[in-house]
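There are 4 protein chains.
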Amino acid sequence: MLLKTACVCVRAPRLQQRAFSCGVAMAKSKFEYVRNFETDDTCLKNCYIVVRLDGRNFHKFSEQHGFLKPNDKRALGLMARSAESVMDNMEDVCVAYGQSDEFSFVFKRSTNLFKRRASKLMTHVTSQFSSSFVFYWAEYFTEQPLLYPPSFDGRVVLYPSNRNLRDYLSWRQADCHINNLYNTVFWALVQKGGLSTSQAEERLRGTVAGDKNEMLFSEFNINYNSEPQQYRKGTTLIWNMAEEVVTKKVKPANENEKEVHVTRTRRKIAAHHCDIIGEQFWEEHSGVLESD
Amino acid sequence: MLLKTACVCVRAPRLQQRAFSCGVAMAKSKFEYVRNFETDDTCLKNCYIVVRLDGRNFHKFSEQHGFLKPNDKRALGLMARSAESVMDNMEDVCVAYGQSDEFSFVFKRSTNLFKRRASKLMTHVTSQFSSSFVFYWAEYFTEQPLLYPPSFDGRVVLYPSNRNLRDYLSWRQADCHINNLYNTVFWALVQKGGLSTSQAEERLRGTVAGDKNEMLFSEFNINYNSEPQQYRKGTTLIWNMAEEVVTKKVKPANENEKEVHVTRTRRKIAAHHCDIIGEQFWEEHSGVLESD
Amino acid sequence: MLLKTACVCVRAPRLQQRAFSCGVAMAKSKFEYVRNFETDDTCLKNCYIVVRLDGRNFHKFSEQHGFLKPNDKRALGLMARSAESVMDNMEDVCVAYGQSDEFSFVFKRSTNLFKRRASKLMTHVTSQFSSSFVFYWAEYFTEQPLLYPPSFDGRVVLYPSNRNLRDYLSWRQADCHINNLYNTVFWALVQKGGLSTSQAEERLRGTVAGDKNEMLFSEFNINYNSEPQQYRKGTTLIWNMAEEVVTKKVKPANENEKEVHVTRTRRKIAAHHCDIIGEQFWEEHSGVLESD
Amino acid sequence: MLLKTACVCVRAPRLQQRAFSCGVAMAKSKFEYVRNFETDDTCLKNCYIVVRLDGRNFHKFSEQHGFLKPNDKRALGLMARSAESVMDNMEDVCVAYGQSDEFSFVFKRSTNLFKRRASKLMTHVTSQFSSSFVFYWAEYFTEQPLLYPPSFDGRVVLYPSNRNLRDYLSWRQADCHINNLYNTVFWALVQKGGLSTSQAEERLRGTVAGDKNEMLFSEFNINYNSEPQQYRKGTTLIWNMAEEVVTKKVKPANENEKEVHVTRTRRKIAAHHCDIIGEQFWEEHSGVLESD
Chain A
1 MLLKTACVCV
11 RAPRLQQRAF
21 SCGVAMAKSK
31 FEYVRNFETD
41 DTCLKNCYIV
51 VRLDGRNFHK
61 FSEQHGFLKP
71 NDKRALGLMA
81 RSAESVMDNM
91 EDVCVAYGQS
101 DEFSFVFKRS
111 TNLFKRRASK
121 LMTHVTSQFS
131 SSFVFYWAEY
141 FTEQPLLYPP
151 SFDGRVVLYP
161 SNRNLRDYLS
171 WRQADCHINN
181 LYNTVFWALV
191 QKGGLSTSQA
201 EERLRGTVAG
211 DKNEMLFSEF
221 NINYNSEPQQ
231 YRKGTTLIWN
241 MAEEVVTKKV
251 KPANENEKEV
261 HVTRTRRKIA
271 AHHCDIIGEQ
281 FWEEHSGVLE
291 SD
Chain B
1 MLLKTACVCV
11 RAPRLQQRAF
21 SCGVAMAKSK
31 FEYVRNFETD
41 DTCLKNCYIV
51 VRLDGRNFHK
61 FSEQHGFLKP
71 NDKRALGLMA
81 RSAESVMDNM
91 EDVCVAYGQS
101 DEFSFVFKRS
111 TNLFKRRASK
121 LMTHVTSQFS
131 SSFVFYWAEY
141 FTEQPLLYPP
151 SFDGRVVLYP
161 SNRNLRDYLS
171 WRQADCHINN
181 LYNTVFWALV
191 QKGGLSTSQA
201 EERLRGTVAG
211 DKNEMLFSEF
221 NINYNSEPQQ
231 YRKGTTLIWN
241 MAEEVVTKKV
251 KPANENEKEV
261 HVTRTRRKIA
271 AHHCDIIGEQ
281 FWEEHSGVLE
291 SD
Chain C
1 MLLKTACVCV
11 RAPRLQQRAF
21 SCGVAMAKSK
31 FEYVRNFETD
41 DTCLKNCYIV
51 VRLDGRNFHK
61 FSEQHGFLKP
71 NDKRALGLMA
81 RSAESVMDNM
91 EDVCVAYGQS
101 DEFSFVFKRS
111 TNLFKRRASK
121 LMTHVTSQFS
131 SSFVFYWAEY
141 FTEQPLLYPP
151 SFDGRVVLYP
161 SNRNLRDYLS
171 WRQADCHINN
181 LYNTVFWALV
191 QKGGLSTSQA
201 EERLRGTVAG
211 DKNEMLFSEF
221 NINYNSEPQQ
231 YRKGTTLIWN
241 MAEEVVTKKV
251 KPANENEKEV
261 HVTRTRRKIA
271 AHHCDIIGEQ
281 FWEEHSGVLE
291 SD
Chain D
1 MLLKTACVCV
11 RAPRLQQRAF
21 SCGVAMAKSK
31 FEYVRNFETD
41 DTCLKNCYIV
51 VRLDGRNFHK
61 FSEQHGFLKP
71 NDKRALGLMA
81 RSAESVMDNM
91 EDVCVAYGQS
101 DEFSFVFKRS
111 TNLFKRRASK
121 LMTHVTSQFS
131 SSFVFYWAEY
141 FTEQPLLYPP
151 SFDGRVVLYP
161 SNRNLRDYLS
171 WRQADCHINN
181 LYNTVFWALV
191 QKGGLSTSQA
201 EERLRGTVAG
211 DKNEMLFSEF
221 NINYNSEPQQ
231 YRKGTTLIWN
241 MAEEVVTKKV
251 KPANENEKEV
261 HVTRTRRKIA
271 AHHCDIIGEQ
281 FWEEHSGVLE
291 SD
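Chains as they are written, first to last, in UniProt numbering: chain A, 1 to 292; chain B, 1 to 292; chain C, 1 to 292; chain D, 1 to 292.
Put into structure tokens, the structure is as follows:
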């Protein structure tokens, strides 16, 4: 019915147009009931809200874009740069941790950003990260053009206590360690040892961490613990209070305008490549987490 | 405790490294319980799943990037191109509708993509759309560089019946109409009528659709219904079955290799700028929706 | 702190009491933030809301209360009576279906009872059913006292279409059939055939429905299809419009008071023990379900 | 279709019965897909799970059953008895608190009862409470028969920290205090002061706690703080370890059977009517809550 009206309208005299336009306007309110199908997904109060992103099909993506193995410094830099862009836009992220093609963003437990709506939080993080990844690509991959737009998926997880949150971050860092140790040996066997990838896989089957350290040292003279911390520990981003001196012009009453130097503190993002499983990091940056 | 071990390890002889590495590996399983804090957000079966994206702070974004008013053909083209990129990656999107800085993606009610997990669906759509928006920017804004990475937020809404889904799409198209009519008059008053933006707002206060049509016609000789359909109706994307003839080389037994022409049907995305409130569109494309 | 005040207060002169009382009152508002930890569990609009109850540990309960096997008419009657009590209190239940120790209540898809909050709907149904089960016990179990308060658990499931809802009810009725056929043979073997329960189980292992019908007929001369419909089909409760004639006293102006007979329609609950898998029941009671 | 088969079956020879029965059995698996419409409602790990029950329409219920005002000792006793029945059936309830017609049950944060499924937890609590309320009615209301089955609704709320949980319980106890003080004055004005209920309401409008204490003391010679603690503080139920000495018969080898006394500890529910806002109660019963 509405359609016919609409069709008529295209050729209609002005009086009928009015009717048509009103019709659509009125129709809008008739349709607006569909709004009530949205459901509330507010996150439980007083819990840390973690948004974790993972690259989709990044195995293939990394091959197509010539990522160096086992670690590509450009890719890790771009990931961290994109994560910074997320934090810059959402100051309630108190800590972020990334490794490989994943990044986790921790919103402080008292945040009220987007009224704690899970869908808003995770889509905004994912969107900002994804657009930044493309936007900053050329800064990191100066020789390698981006072939197609990549995609990340995201999820939200809540943690009620500081212990739970720290265990979450420890879980991700332990995962980083395990994968990176494996990859370091694997690619040494392939790149320096001349094995095929399936031969390398075979060699590593059933080995424990100690065996892998041993193989690296005895066969390739690599001390795993001397590998760059960025690869072994991942990237932890937190806010630092940095002091800056800025020059301001002021004009006191009955005086000439003059310049004064004002010290102000500004939040800046700092990247760390250190252990976050133990106590030391958290003692040194005791302001990052709120108390239970 | 773990930290001390870790710290020691950095300077440790190889035997201790082994212990350390094992420690982290074992630690991982100790931390893995945090996985169980993830909650299931599977969407109710047999409902349409709609993911709607909205540009964040696009009022400011459009000003900073010199969008033409009331409609910028480049921006609308880029939005549609990004939406196509989403559909190409997720074939279970049966229809998508966009207008202004928003786009809605409708997953067919029987989809099992990502096991219907809401967070996966909405973040993947948002990510693909956002990275595509940056990736294809220069194709549409040839003169205007992108100044910073933009962001979109997303949400998921379920619709149990075809009527509900059609009403949702009608709601968005009625919204397009109302806003576009307003903007068309508003910017005519400003750009051609020489009014300030606040004067134009004042003129339009309390007018109904008919008044606006009248103003456009009598003052600016614009027949609103002759304005481009793309502006008045938004963009609807659906899958079309397109036939293509491809040439293949075959080699029958006991014969020489030869070329044959094979007709194959391929799904292609088609854009429409027409009314989707009435019956006609849905009758002409009856395969888009499944029956209740 | 508050505690000390409170303790002092017990022995305190009146002036201090005032302070104390104010303290608690003010404290209340200090504590009230905990309200915001409640989450919204509104059911998706335009879906049927099914609340299904199951008896907890009813195997043991039925033994302790001497339920007759395979079916206890008193127990089935009490279940239906309790279900009626639920429907009487919640008129938006359009149909209820029960068998064995379970009962399902279907709220019409347009219901707005308790603002469609899942927790309110399921707990109110469960509560009303449970208290009714105890309240009406003695009407059905005239010789057997209730030994302890029984418990039922509940759940909420949404169905978007009439087909889905009908399939849900069919699922429950098919379950009734399968269990009842099994139980009928099982208890015939035990009660009439003199087998132990484990021997009866052994006899029935691997048999299909046809075998069981055969055993009943050839060994016990029981035609399964002549067994009471209540046992084979379960109990379906729907609303009937019943006409009643009531006598009212009226006093017209300038006349003496007189009695008149008024016909009024009242909703009454009707119990059916028939097939609800096929079309017939739904055609005969076409008002029970709303259209999609 | 199936229906017709079914109808035929009633009068059918045995061979057809077999077909029919198979039909229903097979149909069951055809319908079983409806199971997948159930959604997961697992409660977030490491949070206290609170189930709160409220009497429905208890204002009317209490009038119809002649509850004494402002407090009916029988009703409070019955509420506590029903709550005990809940705790006896669910040992993971670490503390319960009740006042007026409400009762809250706190499941310990580490509970895995019903796999932490919210619907199971709240319906089981509600059901057990409701059936117990009817079952034990006559023990408390010896002269007043129960006129109809009452109903309670329930809800689930999660609290991530001990502070949040304690604030929840404080909120309920502060509510108890405020209501009970009001009711004590209100009913003194009505029962002893001879005011109508609306006059009493009028007198109390705008008064603060101190005023109410004053009125009680000066007009009715009631020291509010001497009122029974049960009324002023509500009822808190926790588990106590009680030692019991039991007599057992044992028969050592080569000896005659003899009786020995064995001491065993058993969990028993203890009721308290004291302040739970301050520290003292929690210090004295430090095992009730787990650490954060």
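Beta carbons are placed, not taken as given, at the ideal position from N, Cα and C, and that holds for glycine.
Partner residues in the beta bridge of C:M241, as assigned by DSSP, are C:R267. Measuring C-alpha to C-alpha distances from D:S29 to each of C:W137, C:Q173, C:F103 identifies C:Q173 as the nearest.
Rounded to whole angstroms, C:L165 and C:E279 show a C-alpha spacing of 13 Å.
No Cβ of chain A is located within less than 8 Å of the beta carbon of B:Y97.
Here the alpha carbon of C:M87 sits roughly 44 Å from the alpha carbon of A:S110. For A:F152, the secondary structure class from DSSP, reduced to helix, strand or coil, is strand.
Taking A:D292 as reference, the option from A:H65, A:W239, A:Y48, A:Q230 with the minimal CA-CA separation is A:Y48. Within the UniProt domain "tRNAHis guanylyltransferase catalytic" (31-160) of chain C, the alpha helix (DSSP H) runs of at least 4 residues that lie entirely inside it are, in chain order, 58-64, 73-89, 118-135, 137-140. Close CB contacts of C:W137 within its chain, under the 6 Å cut and outside five residues either way in sequence, are with L146 (chain order).
At a cut-off of 8 Å, the C-beta of D:D292 has a neighbouring C-beta in chain A. If you draw a straight line from the Cα of A:V51 to the Cα of A:S104, it is about 6 Å long. Cα atoms of C:E63 and C:P70: separation of roughly 12 Å, rounded to the nearest angstrom. Secondary-structure assignment with DSSP links D:V246 through a beta bridge to D:V262.
About 20 Å separates the beta carbons of B:T197 and B:Y224, which is beyond the 8 Å limit, so they are not a contact pair.
Non-local C-beta neighbours of B:V246 in its own chain, meaning closer than 7 Å and more than five positions away in sequence, comprise V262, R264, ordered along the chain.
A straight-line Cα-Cα distance of about 18 Å links A:M26 and B:R163. Close to chain B, meaning a Cβ-Cβ distance shorter than 9 Å, are the following residues of the UniProt domain "Thg1 C-terminal" (163-278) of chain C: R163, N164. One alpha carbon belongs to D:A242, the other to C:F141, and they sit about 38 Å apart. Residues of chain A with a Cβ closer than 8 Å to the Cβ of C:D40 are, in chain order, T39, D40, T42. DSSP places C:D167 in the uninterrupted alpha helix (DSSP H) bounded by 162-191. DSSP places D:T197 in the helix class (H, G or I) of the three-state scheme. Contact between A:S100 and B:S127 is ruled out by a C-beta separation of about 17 Å, above the 8 Å threshold. D:L169 counts as buried, since at least 16 other C-beta atoms from the protein chains shown sit within 10 angstroms of its C-beta. Our two residues, D:N256 and D:K249, have alpha carbons roughly 10 Å apart in a direct line. No residue range can be given for C:N223, since it is assigned to no alpha helix (DSSP H) and is classified by DSSP as neither H nor E. Taking 7 Å as the upper bound on Cβ-Cβ separation, chain B lies near residues N36, F37, T39, D40, T42, L44, K45 of the UniProt domain "tRNAHis guanylyltransferase catalytic" (31-160) of chain D.
The secondary-structure analysis by DSSP pairs A:T235 across a beta bridge with A:G98. DSSP lists no beta-bridge partner residue for A:H285.
For C:H272, the CB contacts under 6 Å within the same chain, skipping 5 residues up- and downstream, are T236 in chain order. Straight across, the Cα-Cα distance linking D:S151 with D:R56 is about 6 Å. Counting of Cβ neighbours within 10 angstroms places D:R35 among the exposed residues, the total staying below 16.
With fewer than 16 other Cβ atoms from the protein chains shown falling within 10 Å of its own Cβ, B:L68 counts as exposed. Between B:F61 and A:V134, the C-beta spacing is not below 8 Å. Only residues of its own chain outside the window of five on either side were considered, and among them L181, V185 have a CB closer than 6 Å to the CB of B:K212, listed in chain order. Between B:V156 and B:M122, the C-beta gap is smaller than 8 Å, which places the two residues in contact.
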